[in-house]
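Numbering (the numbering used here), first residue to last: 25 to 232.
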């Protein structure tokens, strides 16, 4: 597994909706799409999630919903991604015994705990400085990422400041997938950006 994992967002100044980012990412080779939206009405969130799910089905990609178990259930997403809250993943596993559940980890201890709690994958980061999430924990770099990769057996999705200049090194340090937001959503040509990232992940697979 060396995949491109794209988290959708909206860029109003570029007239880009979640679906625009998702479609460009999927056309460019993304294998996993996460829908993350906290500021819209429930009706709009459900509508967007259903649209993105349709796109994911069209391209054979995995569809993940961020932090909304009820939404994931309503739209029958492939999985759910949660932050660091032990009770959440316990409840989520009861609700979704067969679905993918990812859990964020900001250090080695959290990653080990995430695996013990039954996470199917770990969202490890931030690896580098990131402008996307202002409340993010301090970046821990490739050395800690490598430690996490050696300590856990579930797939690791690296997130936080991932760009084309550090993507290959991040995979080499032990990441199984690269999670990106602004590195695709903010680009003038999102399709080209997605293809470039997919090229890096494909090269990693070929080299392994």
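Every residue gets a Cβ at the ideal spot worked out from N, C-alpha and C, and that includes glycine.
Reduced DSSP category for residue i - H, G, I as helix; E, B as strand; rest coil
i           : result
residue 92  : coil
residue 181 : strand
residue 141 : coil
In DSSP terms, what residue i is bridged to
i           : result
residue 128 : 147
residue 58  : 31, 88
residue 103 : 88, 124
residue 203 : 29, 183
residue 117 : Bridge partners of residue 117: none, in fact.
residue 216 : Note: residue 216 sits in no beta bridge, so no partner.
Environment of residue i [buried if 16+ CB atoms lie within 10 Å]
i           : result
residue 114 : exposed
residue 53  : buried
residue 175 : exposed
residue 162 : exposed
residue 84  : exposed
residue 222 : buried
residue 56  : buried
residue 47  : buried
residue 66  : exposed
Residue i vs residue j beta-carbon contact at 9 Å
i           : j           : result
residue 86  : residue 105 : no
residue 144 : residue 103 : yes
residue 76  : residue 32  : yes
residue 186 : residue 207 : yes
residue 28  : residue 204 : yes
residue 118 : residue 101 : no
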